[in-house]
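All remarks here apply to the structure that follows.
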DNA sequence: CCGTTGTTTCAATAATCGTTGAAATATGGA
DNA sequence: TCCATATTTCAACGATTATTGAAACAACGG
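Residue numbers (UniProt numbering), protein chains in the order written: chain A, 1 to 114; chain B, 1 to 114.
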């Protein structure tokens, strides 16, 4: 993932309601949810929601398809995966998120402590 | 990591110059870099940089210490690690970033109070 | 002390953001 | 066809953002 795309994706997730939307989409899996269902679940106005959907879609974090009268939004896991990859690679030491090693890119296992 | 902190951290990283700053700090390891060195490396005005440092510090992504006339900034890997953990846990399927298991019954759709 | 260097503070500015209400569009059913 | 439902578009609005220039503050050397 390019830096530009990472910034866009980070910005898309860096907002309360939008992060809620995305988390809900993730929990709903590939089938997704109708805009209305999301509006109800998160108690957001439909036009506000459209605004946030657009941001998520532009960031490649969501897809949309029509089904009858409803628009069904779903998470794009691939992009999220790339983002986590970018962060791990560029914003952590490299392997997990340890301080950058002085020299050796040792191929060690590093379990993340929750 | 709490959702609120995650949003703050995401917002801190969701900006071109700031992401550059943080990446540079990560590459510099725990020793950090002086504000001036960062300003030179990224060609940013010192006051602009102070603004971005503040954001990173508020998000827990950077620390600062004085050394003589210089302020030395360093990445806080622990926070970054927590953020990646939050994303993996909440915005991915759970383990990596695979689709979540589906089949959650839809929520009822009811609004319009009398 | 004074001047220099390194950084921050402050006020101002244009640009972008998140939300709202009203109106428009699209689909399906009677 | 007309109507109801589901969602989007549009024009506003106040709030926040990133950047700038000028001034202030802090630490050191002479």
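Beta carbons are placed, not taken as given, at the ideal position from N, Cα and C, and that holds for glycine.
A residue is called buried once 16 or more other Cβ atoms fall within 10 Å of its Cβ, and residue 37/A is buried on that count. Using a Cβ-Cβ distance cut-off of 8 Å, the segment 28-35 of chain A and the segment 47-59 of chain B are not in contact, since fewer than three pairs of beta carbons, one from each stretch, lie closer than that value.
The C-beta distance from residue 25/A to residue 59/A rounds to 13 Å, too long to meet the 8 Å contact threshold. Nearest CB-CB separation between residue 58/A and chain B: not below the 7 Å threshold. Close partners of residue 90/A in chain B (Cβ separation under 8 Å): 23, 26.
Within chain B, no C-beta atom comes less than 7 Å from the C-beta of residue 53/A; the nearest is roughly 16 Å away.
Closer than 7 Å to the CB of residue 62/B there is not a single CB belonging to chain A.
Against chain B, a Cβ distance below 7 Å from residue 14/A picks out 7, 10, 11, 14.
For residue 42/A, no Cβ of chain B is located within less than 7 Å of the residue's own Cβ.
For residue 49/A, there are no C-beta contacts with chain B under 8 Å, since the nearest C-beta of that chain is about 14 Å from it.
Residue 55/B holds the alpha-carbon nearest to the alpha-carbon of residue 17/B among 87/B, 55/B, 8/B, 2/B. For residue 64/B, DSSP records a beta bridge to 73/B.
Out of 74/A, 12/A, 78/A, 69/A, the CA that lies nearest to the CA of residue 27/A is found in 74/A.
Around residue 13/B, the same chain offers 19, 22 as residues with beta carbons nearer than 7 Å, after the five sequence neighbours per side are excluded. In the assembly as shown, residue 79/A is a buried residue. Its beta-carbon has 16 or more other beta-carbons within 10 Å. Around the CB of residue 93/A, 16 or more other CB atoms lie within 10 Å, so the residue is classed as buried.
Annotation for residue 66/A: 72 place their beta carbon closer than 8 Å to its own, counting only its chain and skipping 5 residues before and after. Out of 45/A, 88/A, 4/A, 35/A, the CA that lies nearest to the CA of residue 69/A is found in 35/A.
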